[in-house]
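Count the sequence shown with this note's numbering and you get residues 156 to 1087, in order.
A short worksheet on the structure shown next.
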Amino acid sequence: MLQNKSFSRKTRQGKVIKVVREHYLRDDIYCGAPFCKVCDSSAARLSSTASTVLIVDTNVVLNQIDLLENEAIDDVVVLSVVLDEVKNKNLGVYNRLRALCSNSVKKFFVFSNEYHKDTYVKAMVGESPNDRNDRAIRVAAQWYQNHLGNATRVVLITNDRDNKRKAVEEGISAETGVVLEKDDQSIYLFVSVEAYVKSLGQPGLVDLLVQAPSEDVGMEDVEDLRPSKKKIIYTEHKPMSEITAGLSRGIFHQGKLRVNRYNPFEAYVGSESIGDEIIIYGRANMNRAFDGDVVAVELLPQEQWHEEKSLSIADEEDEEEDDVHLVPSSADDAPRVTNQMQSSLGNANPISSRPSGRVVGVIKRNWHSYCGSLEPMPMPAGSGGVAHALFVSKDRRIPKIRIQTRQLGNLLDKRIIVAVDSWDCLSRYPSGHYVRTIGEIGDRDTETEVVLIENDIDARPFSSQVLACLPPLPWTVSSEDLENPIRQDLRHLRVFSVDPPDIADVTNFVHPGSPLDDEATQRGTSVYLVERRIDMLPKPLTEDICSLRADVERLAFSVIWEMTPEAEIISSRYTKSVIKSCAALSYVEAQARMDDSRLMDPVTTDLRNMNALAKVMRQRRIDRGALTLASAEVKFQIDTETHDPLDIGMYQIREANQMVEEFMLAANISVAEKILSHFPLCSLLRRHPSPTKEMLEPLLRTATAIGLNLDVSTSKALADSLDRAVVSYLGDDPYFNKLIRILATRCMTQAVYFCSGDLTPPEFYHYGLSARLYTHFTSPIRRYADVIVHRLLAAALGIYKLPGIFQDRPQLTSIADNLNYRHRNAQMASRASVELHTLIYFRKRPTDTEARIVKIRSNGFIVFVPKFGIEGPVYLAPRNDKGGGEWLVDEQQQKVKKTDGSISFGVLQTVRIHMEVVEPQPNRPKLQLTLN
């Protein structure tokens, strides 16, 4: 059956044209119920024993997705009109809904009501798109009840009052009570979310309900939850029309809010319109904005701008009141610190004010689910009633969240997940709802799951559909592989691997569009935690089929160079291959072979030759302007039985690591040039934008304070400056230069993936490598970017046809964006895992050690502990005072001393500290660093 849909639109030239689109309607679309006597039940998704089938409207999906994901909610029909509306309004919720519909355990079924001849509805004259969609939902729900008859009851879940009114007018039963009874005429029921949830008889489910702002509990109901009786009233957000006008006139400035990890009352908004960061200081000026929100900011009058010297690191014990943090020395319980003027600590230059502002509106919210625990509180009188509680996120940047719960006694000692619903301008705290319990507070598995959830890491087992894409084990290279003309037999060559593995031919097993490929696309990268690895691909591929083992034949994708002894590449070629590794070496084993002068076997000789070439290649890169940076990578020794950390220290980089790095960099650059020459508009490349002057300012300030002159005009100039970075007054200090390089690393931008058609060639540049082109090719087992590049290279060689997705630029851009998001999250999860295991390690091991001051603030300084790779704040407070007088701080010169001259500290100076785990706030343990 064919329906014509027509509408008018205006062209750029001003002409009005009529557009007619054909809309095909069918009568063979199945209902998804296995007990249906009309439809084909082979593709049924609903339960065979379902007594109730739920149909949800768009607003229920958008607002109650946490409830829908609960195991108690099943046998749900998702109409295509709802799916489309959700996709247009919230892509994040849409992806979660799609995941529910594709999950074989959950009984969710997508019904294409817009293409069924009995459920498609035409828009009536004067009817809005929203009203038309609501009517389509009602029609589909009534069709379901008529279609299934007495086999089951159909319940439409909606809180839309207007929808309810129209349903009653149309003769549809609307139940508002808790008990749901199927009516005698088999007409489906129209029920509110709360009524349906209460009918299930599971009190904990009610906690999952999102409370509408109008239903929010007033502040008078939670006076006992506040540490202070002072009411905090926020300014109403400007309407979007006023924000848009203000942005265009330069009155407001748009940017993403970033909350200081050391001080949740201090935030920054990077503004392109003024070319600087705007400081947002205090919760009142943040005006209910969360970390990551895109906000509109109004600059404060210049006389209200805070000098940089007045900004501090907040103490865990500070109360959550804005006026406590405006000037640290003004509060009775704040550390006693004097902000010294320029004459007190030598010839300091005047400190220039930076722009300060306040949030006037939130353009795009970054609300999501947060992990943490409830603030300890006495159990309310009686049992089973609703209790009001404050949720404290593990992330200090997130404000406390007010929730209602009927299971307070079961949650007080648990890590739980809470989602934010609203934040009224008269409420001190945002309101939210309980989502689920993770586990016992302090349990390592629980805390590790918190790390994964907070960083959106998918650690679920691979589905049966994904595993079905793998070849059966044991797998071996077949005769077909050996005879395939696209694959060169290199088994006669002496091939060996040095961990990480060489370039396996992963794309031979991961086919475009397969469930395995879709899963890898979403995961994006493997994630490395302290005690385990979360793979992008299933273990049969990562640990067997694509692992380059000694004396085992494997499929590979090879980059082959002919090189001179001076490491000049004479020729390059690329080929799918079959190899047989003669040795699989770790970095430690490879280094031991090269260092042992008694060993002269072929593999060791090859290693030494490759290392010699790598040194030449490395020096050539450095001469070209590549940066040699450093990072504070930590390595744990883990107990194999308890998984507790036994030892902790800095990760050691060997020549073997650098050797492998050089050849991997060369292969990535070579492949980037090859694929771009064939596919200039759809190649996946990796760029590293040059750091801005503002980003390099902290490094330059530190260098100036210690008498270093760093030239940051180009990457070459910076590299040469770092090579010369020594300070005479520190004497023979081998760690000083590495510390400067660590500080330089922190000023860099993030390297990102991008589609070559989205940018111009000058923007392809990789600043850190000083490379015109770069991509990732060498690790397809653990990075999906490399899988894409393998496909591009294979197509460039004429081996395979380029998959159709490479013709879809927006989709390629979306994939690149996801890869960047997943890569960053993997890094953050790795760091959080290190922090967790650091706490576990030091919990029973209070330690005295040396640290280096890396930044001085008005009430303390940030130190880096080289031995353990740990960074944290040291507060200049009376409890760790030595000598007499007050502390005098000069942030410009990065110096601090006592007024009596008994103690003085400078940036990058060594200090003795004491490290121990404390818990100043319940359920928020931290590693506390204090002066010895």
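Yeah, the Cβ is synthetic: ideal placement off N, Cα and C, and Gly gets one too.
As the structure is a computational prediction, the values presented were derived from the model and not from experiment.
Rounded Cβ spacing between residue i and residue j (contact assumed at less than 8 Å)
i	j	result
A295	F266	7 Å
I641	K731	5 Å
T139	M1070	Because the chain is modelled from 156 through 1087, residue 139 falls outside the range shown and cannot be assessed.
L839	L947	7 Å
V232	L217	Not confirmed; about 17 Å, so no contact.
A971	Y920	About 17 Å separates the two Cβ atoms, so there is no contact after all.
A940	L994	Rounded, the Cβ-Cβ distance is 33 Å, inconsistent with contact.
L768	M718	6 Å
Beta carbon of residue i nearer than 9 Å to that of residue j
i	j	result
E512	E453	Looking at the sequence itself, residue 512 is Gly, so the reference to Glu does not match. A contact, by the Cβ cut-off of 9 Å.
I292	I210	yes
R570	I596	yes
Y179	Y270	yes
A254	T680	no
V826	T930	yes
K519	V605	no
V517	V450	yes
C580	R443	yes
P510	E432	yes
R599	P419	no
V682	I593	no
Three-state secondary structure (DSSP) of residue i
i	result
C737	strand
Y143	Because the chain in this structure spans residues 156 to 1087, residue 143 falls outside the shown range and cannot be described.
H798	coil
S283	coil
D1003	strand
P510	coil
L209	strand
T719	coil
D376	Caution applies to D376, whose pLDDT of 39 falls short of 50 and renders its modelled position unreliable; the value that the coordinates give is listed next. Correct three-state label for D376: helix.
M534	coil
Y908	strand
T730	strand
R520	coil
M1070	strand
D488	Low confidence applies here, because D488 scores a pLDDT of 31, under 50, leaving its location unreliable and the question unanswered by this model.
H392	coil
R687	coil
T759	helix
Q643	strand
I184	coil
R998	coil
F651	strand
M805	strand
V881	coil
P1028	strand
G447	coil
R841	strand
S403	helix
R320	helix
Q792	strand
Y179	strand
G501	Residue placement at G501 is flagged as unreliable, the pLDDT there being 33, under the threshold of 50; a coordinate-derived value is accordingly withheld.
Residue i: first and last residue of the uninterrupted alpha helix (DSSP H) it sits in
i	result
A439	438–441
A256	Residue 256 is actually Cys in this sequence, not Ala. Start and end: 246–257.
D673	670–678
K848	848–860
A874	870–878
L637	634–638
S196	Counting along the chain, S196 falls outside any alpha helix (DSSP H), and DSSP gives it neither H nor E.
Below-9 Å beta-carbon distance, residue i vs any chain D residue
i	result
K1050	Absent from the structure: chain D. Only one protein chain is present.
Residue i - containing beta strand (DSSP E), residue span
i	result
P456	Premise fails: P456 is in no beta strand (DSSP E) and is neither H nor E.
R416	No beta strand (DSSP E) contains R416, which DSSP labels as neither H nor E.
R308	308–312
H543	542–548
**Request:** Please specify which runs of the beta strand (DSSP E), each continuous and at least 3 residues long, are wholly inside the stretch 552–626, giving them in chain order.
**Result:** 556–560, 569–577, 586–595
**Request:** Please list the segments of the beta strand (DSSP E) lying wholly inside the stretch 899–987, counting only runs of 3 or more residues, in order along the chain.
**Result:** 907–910
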